[in-house]
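In the numbering used here, the protein residues as written are 6 to 331.
We put the CB at the ideal spot given by N, CA and C, even for glycine.
No experiment lies behind these values; they were computed from the predicted model shown.
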Ligand code: ADP
């Protein structure tokens with residue numbers, strides 16, 4: 006029998022569609038296993054200030070289809086200090102919370118790792134980020150929905166791009182990872198993707214134009230991952246205006262709409278499976294691991310591995326994009 010009688014659950018950092026499905030699954034799985042649940046609002050901030058509420062199964066009714074997070078999220082600089090983390094720890098003890106489930110991205114899991122080590126406190130993490138940039142899991146909660154949102158937008162932009170014979174640079178999110186841009190480009194039929202992983206190695210814009218961009222087409226769409234390495238869509242467009250003035254260039258930055266919306270079936274199922282796995286991990290006396298999914302199987306990934314390693318992009322996809330866009 007696990008020593009965990011009461012868990013706390015929080016969402017932190019950037020919100021992602023499917024976080025609610027995860028909150029629902031964690032809550033219900035905990036209750037199913039005779040644990041009690043406390044919902045902690047606004048991530049580590051609410052943990053420090055004590056914005057904490059008892060969660061019953063009804064608290065998570067009718068939320069699986071909703072984007073965002075009912076627990077709210079926040080960024081919390083105090084948690085980056087030993088004093089802030091001590092306050093958080095004191096709050097957990099005061100509330101009789103034996104273990105924490107933290108849903109968020111790289112920053113959230115970095116904080117969880119430091120805290121878990123500092124206080125020898127059990128935490129299980131769930132990868133909740135549209136960027137898909139956590140190592141040890143094939144996909145993260147929110148990624149599929151964001152990808153589908155990108156497709157919808159690119160399809161619309163294509164109508165105007167082709168009516169005007171324009172070259173469009175569309176910036177998508179990713180925080181230094183090119184998954185959304187690369188897979189978004191393949192799925193939307195874009196001509197190319199400019200992503201940080203490759204921009205470090207080669208001048209992707211020059212390569213793209215040398216490879217005969219628009220030899221066969223009048224309009225083109227290129228997805229650009231937001232990043233200092235790529236310069237983002239604005240940076241790339243500025244270069245084109247200077248170096249290749251023959252192109253009629255436009256920029257569209259998709260921005261925060263990529264985070265919103267009802268989660269896709271895939272994200273709801275992923276979040277539900279992962280949420281249930283988080284409680285099973287605690288019952289199994291696992292601690293300080295992120296739940297991941299690899300080849301459709303749930304896996305436990307030590308925090309250190311999930312956050313320290315850069316998740317590589319699958320280079321086969323570059324070839325797929327190049328061939329499919331001639
Ligand atoms: P995400 O989880 O989406 O990557 P952030 O990077 O903003 O989002 O991180 C969310 C929160 O996690 C931060 O506001 C902070 O409270 C906590 N956090 C991030 N990095 C650290 C760190 N090095 N030490 C302690 N806490 C951290």
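Comparing C-alpha distances from residue 277 to each of 142, 146, 126 and 129 shows the shortest one belongs to 146. Per DSSP, the unbroken beta strand (DSSP E) holding residue 295 starts and ends at 294-299. Remark: three or more beta-carbon pairs, one from each stretch, lie closer than 8 Å, so the stretch 155-174 and the stretch 249-261 are flagged as touching. In the DSSP assignment, residue 310 falls within the alpha helix (DSSP H) that extends over 308-313.
If you ignore the 5 residues before and after residue 23, its C-beta comes within less than 6 Å of the C-beta of 146, 147, 268, 272 and 276, all in its own chain and listed in chain order. For residue 11, the enclosing beta strand (DSSP E) begins and ends at 11-16. Given a length threshold of 3 residues, each whole run of the beta strand (DSSP E) inside the stretch 133-206 is given here in chain order: 172-177 and 197-199. Counting along the chain, residue 245 sits inside no beta strand (DSSP E); it lies in the alpha helix (DSSP H) bounded by residues 237-248. A straight-line Cα-Cα distance of about 14 Å links residue 242 and residue 208.
Apart from sequence neighbours up to five positions away, the residues of its chain that approach residue 115 with a beta-carbon distance below 6 Å are 312, ordered along the chain. Not one heavy atom of the ligand ADP is found less than 7 Å from the C-beta of residue 46. In this structure, residue 292 places its C-beta atom within 8 Å of the C-beta atom of residue 128. In the structure shown, the three-state DSSP call for residue 259 is coil. Fewer than three beta-carbon pairs drawn from the stretch 134-141 and the stretch 158-169 are found closer than 8 Å, and the two stretches are therefore not classed as touching. Fewer than three Cβ pairs drawn from the stretch 46-65 and the stretch 288-306 lie within less than 8 Å of each other, which leaves the two stretches out of contact. DSSP places residue 58 outside any alpha helix (DSSP H); the residue lies instead in the beta strand (DSSP E), whose first and last residues are 57-60.
When rounded, the separation of the alpha-carbon atoms in residue 236 and residue 194 is 22 Å. Inter-residue distance for residue 239 and residue 213 is about 17 Å (C-alpha atoms, whole angstroms). The beta carbons of residue 120 and residue 96 sit about 12 Å from each other, so the pair does not count as a contact at 8 Å. In this structure, residue 13 has its beta carbon at no less than 7 Å from each heavy atom of the ligand ADP.
Under the DSSP assignment, residue 76 falls outside any alpha helix (DSSP H); it carries neither an H nor an E label.
With respect to the 8 Å criterion, residue 142 and residue 297 are classified as neighbours on the basis of their beta carbons. Cβ-Cβ distances below 8 Å link residue 140 to 306, 310, 311, 312, 313, 314, 315 and 316 in the same chain, with the five nearest sequence neighbours on each side left out; the list follows chain order.
For residue 141, the shortest C-beta to heavy atom distance toward the ligand ADP is 7 Å or greater. Those residues having their beta-carbon less than 6 Å away from any non-hydrogen atom of the ligand ADP are, in chain order, 17, 18, 19, 49, 80, 81, 84, 85, 109, 110, 111, 112, 113, 115, 116, 119 and 134.
The beta carbon of residue 262 sits closer than 7 Å to the beta carbons of 154 from its chain, once the five residues preceding and following it are set aside; these are given in chain order. Around the beta carbon of residue 43, 16 or more other beta carbons lie within 10 angstroms, which makes this residue buried. Listed as beta-bridge partners of residue 43 by DSSP are 13 and 59. Going by DSSP, residue 325 is part of the alpha helix (DSSP H) stretching over 321-329.
As a beta-bridge residue in DSSP terms, residue 225 pairs with 172. Within its own chain, the residues whose Cβ lies closer than 8 Å to the Cβ of residue 28, once the five positions on either side in sequence are excluded, are 14, 16, 44, 65, 68, 74, 75, 76, 108 and 280, listed in chain order. In the DSSP annotation of this structure, the continuous segment of the beta strand (DSSP E) that includes residue 109 starts and ends at 104-109. For residue 201 against residue 232, the beta-carbon gap comes to about 4 Å, under 8 Å, which counts as contact. By the 16-neighbour rule on beta-carbons within 10 angstroms, residue 320 is exposed. Residues 11, 12, 13 and 43 of the same chain have their beta carbon placed closer than 7 Å to that of residue 102, with the five preceding and five following residues left out of the count.
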